[in-house]
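One line per chain: the protein sequences are B and D, in this order. FYI, the numbering for the first sequence is 1 to 338, going by the working numbering. FYI, the numbering for the second sequence is 1001 to 1338, going by the working numbering. From the three backbone atoms N, C-alpha and C, an ideal C-beta is built for every residue, glycine too. Remember, it's a predicted structure, so these values are computed and weren't measured experimentally. Notes for the one structure printed next.
Number of protein chains: 2
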Amino acid sequence: MAETNARGSAPTIRDVAALAGVATSTVSRALSNPDRVNRATRERIEKVAAELNYVPSSQARSLSSGRTNAIALLVPDVTNPFYFDIIRGTQNQLKAAGYTQLLVDTEESSEMEADALQKMQRTADGFILAASRLTDAQILEAASSQAIVTINRSSANAPTVVIDTPGAVVQALEHLTSLGHSRICYVGGPASSWSNAKRWKTFEDESRDRGLSTSRVGPFTPKTTSGAAAADAAVRTGATACIVFNDLLAIGMLQRLRERGIRVPEDMSIVGCDDIFGADFCNPPLTTMASPIEQAGRVAVSMLLAQLDPLNSGSSRRLAVMPTHLTVRGSTGPAPSI
Amino acid sequence: MAETNARGSAPTIRDVAALAGVATSTVSRALSNPDRVNRATRERIEKVAAELNYVPSSQARSLSSGRTNAIALLVPDVTNPFYFDIIRGTQNQLKAAGYTQLLVDTEESSEMEADALQKMQRTADGFILAASRLTDAQILEAASSQAIVTINRSSANAPTVVIDTPGAVVQALEHLTSLGHSRICYVGGPASSWSNAKRWKTFEDESRDRGLSTSRVGPFTPKTTSGAAAADAAVRTGATACIVFNDLLAIGMLQRLRERGIRVPEDMSIVGCDDIFGADFCNPPLTTMASPIEQAGRVAVSMLLAQLDPLNSGSSRRLAVMPTHLTVRGSTGPAPSI
DNA sequence: AACAGGGCGGCAAGCGGTTGCCAAAAGTTG
DNA sequence: CAACTTTTGGCAACCGCTTGCCGCCCTGTT
C-alpha cells in the first residue's frame, strides 16, 4: 500500500498526474467529470490513483469548486430518540447521494441554531433544521442565503417536511371519546416548539367541536425527567386522559403515575406522540401517534438535494406532509366510571 | 447585517483587510494569533470583522494550515442508544475544545470502517473508533498515519478507553449466585465484538471459579428484534438466569419471555449491560451493568486531543478504564425453587 | 549619536484542487 | 485533400487562508 508520496504525506493530485504522465487538470477531470477525458487516459489515471491510494482532499475541492458535499443537520437535542430517527434517516439518504452529514446539537436554543447556521455557511451546502426554534424572520433570512429545509417547523420561507400530528390528534381524540373519556388534558411541550403549538391548536379546536372538557398543563421540557411534574399537574386537572406532547414526556409520566399508585389505563389514559424507541416496551406500552420519522428525514434530504440541483431549481416541492396514525397499545383504556 | 461583500458572496479575509486598511496576513494573525499583532490593530480588525459578519472558511483554513479542527467518530450503529451516549459525550467535549464532530455510521462493517478511515484522513485531525470491528493489524496501520483513540476495543496499537464490564460481570455473578442461581446462560453479542469476547471470557472464568453451571447462546445482533431468538435459545438451555451482551438484546428478550408466559424474574432473571435509555422503564425494569458511557466519550476526546497537541506528545495516557457497577432493578430475583 | 533588538505589519508562496480558455490532435465531410 | 468540427489535454488563474521571511520603525543601550 503506497499511502504516502516522496514527501511523506498523503498523495495529491500532482503525484497522480506525474505518475500518469498527464497534467493535474486532466486528473481532476478524469476523476470528477469522466466524460471529459479519453477513456484510455481515464483508465490509466484511475489505475495510478488506485495504486497510490489517492483520496482527493474535500477541503481543497470545496475551496475551488464552492461545493462542500456536506449538509448540516441541526437538531435541538441529540439525546432525544425522536431525533435519532431523523439522524438515521437523513444519514442514509445523504450517504446514498455521496454527501456527508454534519450533525449539530443546538441544545434547544435559537441562538445556537442561528449561530451554527452562520458559522457553517461555508462548511455545508445546505441545512436541515429539525424542529427549528427560529422565528419566521430568521428562517427567511437564512433561507435567502442558503439552501434550507425544515422538519416540523412550517414556514412560508423554506421547504418543509411536516409530520401530520394534527391528523393523529383527531384520531387520538376519537379513540379516547369512544372509550368514554370526556375530560382530557393536553400536556404541553416547549413553548417555542411549532409542533407543540400545532398540536394544542388542533386539540383545542377538535375538543370544542366534540363538546369535551379540556385543560392544558405545561410547558414542560420534553424529557422523561419532566414527567413527574407533568403527571402531577395533569392529575390535578381531574382529567381521565392525557394527550402528551411527546413520548419522552409520556414515559416519564407513566413512571410517576405508577409511583403515585395511579393506574394506567384504569385510572388515567395516556397518549404519547412520535412512537419513539421505547414506546413499545415501557410499562404499560404506550398508545401513541406514530410518525414515519426516519422517512421524514429521507424526504427532507431529497427536497434539499433537489434545491441544490441547478437543473430543477424552483420546480422542487415546497411541502411534504408525512401521514401519521394512532398506534393503540396498553396505556389507554375505558374511562373510569365514577 | 452586512452578510455579503461587493461581489455578493460571503465576506472573505480580503474584505476585512481592505476595510480595516491592513494586509490579509494581518487579519489572519489578528484572528488566530492575537499576540502577534498590536492591540489597537487587532481591535480594529475585530470590529470590522464583526460588522461584516465575517466567518473564516474552515476549508481554506485547513487547506493551508493542515489542521481541520474536526474529528471523526465512527460508530457501528447510530441507532443503538449505547452509541447515542458516546455521540453526546464526544460532541460536548469536542465543542468545548472548538472542534467539529464528524459522525459516521459504519453499519457494523469493518470494511466500511477501514474505508471511512482512509477517505477521511484529510477531513479529520483524528478519529475515535467506538467498538471498532477492525483487526489489530488494521488498527496499527491506521494509528501509524493518524491520531486514533478506540473505545471498548483494546489494542496495544492505539490509546483506548475501555468500559470495565468484566468488573461488572463479576458483580452480576455475585448478585445472581446470592439469589440462588446456579445455572446461568451468557447471551452473546456480535462475534466480531471485542467487548463481547471480553465479557464472555470473564463470565466463563468467574463461573468456573464459583462452580456454576454455565451455557452460552449466540451470537445475536444487538437489537431488540433479536431478543426473541435469544430468549428462546436461552430458555432451551435450562438456565434460570441470563447475563446478556447488552440492554437492547435484553429488552428484546423481556418482551419475548412475556409473550411466552415466562415470568421475569420469577422464572428467569435477566441482567443486561450498559444501562441505556429505556433500561429503567422497560417491564420489568432491567437490572444492568451500568457504564458511564457519556464520560467514556469525553475521556476519549481528551485523550485524542492530547495526542494532537504537539506539546505533550508521548506523555499522554494510553489507557483509561471506566468503572462500572451493577444497577439492580426488577428483572432479577431469587432462583425458582424447583 | 550610532547601533542592536524587539514589535509589528506586509509580501508572496503555497495548501490541493477546479475550471475557463486555448491549442493540438483526431475525426468528418464534400 | 482542404476546411471544418469535435475531442482531448495543458496552462494558469484562482478559491480563502496561513506562514516564513523580510523590513520598517520605535526603543533602549553604550
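Buried versus exposed call for residue i [16 or more other C-beta atoms within 10 Å across all chains shown]
i	result
residue 1115 of chain D	exposed
residue 105 of chain B	buried
residue 252 of chain B	buried
residue 1113 of chain D	buried
residue 305 of chain B	buried
residue 89 of chain B	buried
residue 61 of chain B	buried
residue 1 of chain B	Caution applies to residue 1 of chain B, whose pLDDT of 46 falls short of 50 and renders its modelled position unreliable; the value that the coordinates give is listed next. It counts as exposed.
residue 33 of chain B	exposed
residue 126 of chain B	buried
residue 1190 of chain D	buried
residue 58 of chain B	buried
residue 402 of chain B	For chain B, the structure presents residues 1 to 338; residue 402 of chain B sits outside this window and is missing.
residue 278 of chain B	buried
residue 17 of chain B	buried
residue 1111 of chain D	exposed
residue 1259 of chain D	exposed
residue 67 of chain B	exposed
residue 1193 of chain D	buried
residue 1096 of chain D	exposed
residue 1198 of chain D	buried
Beta-carbon contacts of residue i that lie in its chain and below 6 Å, excluding the five residues immediately before and after
i	result
residue 29 of chain B	36, 37
residue 78 of chain B	105
residue 262 of chain B	268
residue 132 of chain B	150, 153
residue 159 of chain B	149, 303, 318
residue 145 of chain B	none
residue 1076 of chain D	1106, 1108, 1131
residue 294 of chain B	85, 88, 89
Beta-carbon spacing of residue i, residue j below 7 Å
i	j	result
residue 218 of chain B	residue 256 of chain B	no
residue 162 of chain B	residue 154 of chain B	yes
residue 1332 of chain D	residue 1265 of chain D	yes
residue 1181 of chain D	residue 1240 of chain D	yes
residue 179 of chain B	residue 334 of chain B	yes
residue 1086 of chain D	residue 1147 of chain D	no
residue 1230 of chain D	residue 1249 of chain D	yes
residue 300 of chain B	residue 322 of chain B	no
residue 24 of chain B	residue 39 of chain B	no
residue 187 of chain B	residue 235 of chain B	no
residue 1063 of chain D	residue 63 of chain B	yes
Cutoff 7 Å; reference residue i; Cβ partners in own chain excluding five residues on either side
i	result
residue 207 of chain B	173, 184, 214
residue 101 of chain B	71, 73, 90, 91, 94
residue 117 of chain B	127, 142
residue 324 of chain B	163, 164, 165, 167, 168, 289, 290, 291
Backbone CA spacing between residue i and residue j [nearest angstrom]
i	j	result
residue 103 of chain B	residue 123 of chain B	12 Å
residue 136 of chain B	residue 44 of chain B	53 Å
residue 1210 of chain D	residue 1196 of chain D	21 Å
residue 233 of chain B	residue 1289 of chain D	34 Å
residue 1283 of chain D	residue 175 of chain B	25 Å
residue 1273 of chain D	residue 1292 of chain D	12 Å
residue 303 of chain B	residue 200 of chain B	28 Å
residue 316 of chain B	residue 307 of chain B	7 Å
residue 82 of chain B	residue 22 of chain B	51 Å
residue 1336 of chain D	residue 1238 of chain D	12 Å
residue 26 of chain B	residue 1119 of chain D	21 Å
residue 212 of chain B	residue 204 of chain B	9 Å
Neighbourhood of residue i by C-beta distance below 8 Å, restricted to the same chain and skipping five residues each side
i	result
residue 1202 of chain D	1165, 1166, 1169, 1170
residue 326 of chain B	168, 171, 172, 175, 271, 287, 288, 289, 290
Tell me which residues of the stretch 1250 to 1278 of chain D have at least one Cβ-Cβ distance to chain B shorter than 8 Å, keeping chain order. 1251, 1254, 1255, 1277, 1278
Note down, in chain order, all residues in the stretch 1281 to 1293 of chain D with a beta-carbon under 7 Å from any beta-carbon belonging to chain B. The stretch 1281 to 1293 of chain D vs chain B, Cβ under 7 Å: 1281, 1282, 1283.
Which residues, in chain order, does the stretch 13 to 42 of chain B contribute to contact with chain D at a C-beta distance below 8 Å? Taking 8 Å as the upper bound on Cβ-Cβ separation, chain D lies near no residue of the stretch 13 to 42 of chain B.
Residues of the stretch 1102 to 1126 of chain D with a CB closer than 8 Å to any CB of chain B: list them in chain order, please. 1102, 1103, 1105, 1118, 1119, 1121, 1122, 1123
Could you list the residues in the stretch 80 to 104 of chain B with a C-beta less than 9 Å from some C-beta on chain D, going in chain order? 81, 84, 85, 87, 88, 91, 92, 95, 100, 101, 102, 103, 104
Under 8 Å (Cβ pairs) to chain D, residues found in the stretch 50 to 75 of chain B: For the stretch 50 to 75 of chain B, which is checked against every Cβ of chain D, the residues closer than 8 Å are 53, 55, 57, 58, 59, 60, 62, 63, 68.
Between the stretch 1315 to 1328 of chain D and chain B, which residues of the former have a C-beta closer than 9 Å to a C-beta of the latter? none
Residues of the stretch 298 to 311 of chain B in Cβ contact with chain D at a cutoff of 8 Å, in chain order, please. none
What residues from the stretch 1222 to 1233 of chain D come within 9 Å of chain B, judged by C-beta to C-beta, listed N to C? 1224
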